[in-house]
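Notes follow the structure.
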Amino acid sequence: QTQPNPNEVSRSVSQVVVHPEYNNLPYDNDMALLHLSSPVTFTNYIRPVCLAAEGSTFNSDTVWVTGWGDISSG
């Protein structure tokens with residue numbers, strides 16, 4: 002990006018809560034909650050993520066999956 006994005010915001014992380022059963026090999030339960038240092042104001046461009054309930058099924062729906070990091074080990 003050469004121009005600043007007017008919809009971008011930055012926040013510091015005040016606390017990281019790692020899954021209690023995290024295992025770095027083979028990356029089981031590789032997730033954590035991040036507590037932000039200040040609130041985020043939702044806009045048309047900044048929205049919360051909706052998590053499906055356990056056991057949910059989706060028939061003929063379009064879904065998005067996103068994440069960061071490796072998609073394979075090794």
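Note that my numbering has the sequence shown beginning at 2, numbered continuously upward.
Where a beta carbon is used, it is the ideal one built from N, C-alpha and C, also for glycine.
Computed from a predicted structure; not experimentally measured.
Measure the C-alpha to C-alpha separation of residue i and residue j and round it to an integer number of angstroms.
i	j	result
residue 53	residue 7	30 Å
residue 14	residue 60	37 Å
residue 20	residue 5	34 Å
residue 44	residue 65	20 Å
residue 31	residue 10	25 Å
residue 17	residue 33	7 Å
residue 22	residue 63	31 Å
residue 68	residue 35	14 Å
Along the chain, where does the beta strand (DSSP E) containing residue i start, and where does it finish?
i	result
residue 41	Residue 41 -> no beta strand (DSSP E), and no H or E assigned at all.
residue 83	Nothing can be reported for residue 83, as the shown portion of the chain is limited to 2 through 75.
residue 15	14-19
Practice task
Kindly confirm or deny that the segment 42-50 and the segment 22-30 touch, where touching means at least three C-beta pairs closer than 8 Å.
Solution key: no
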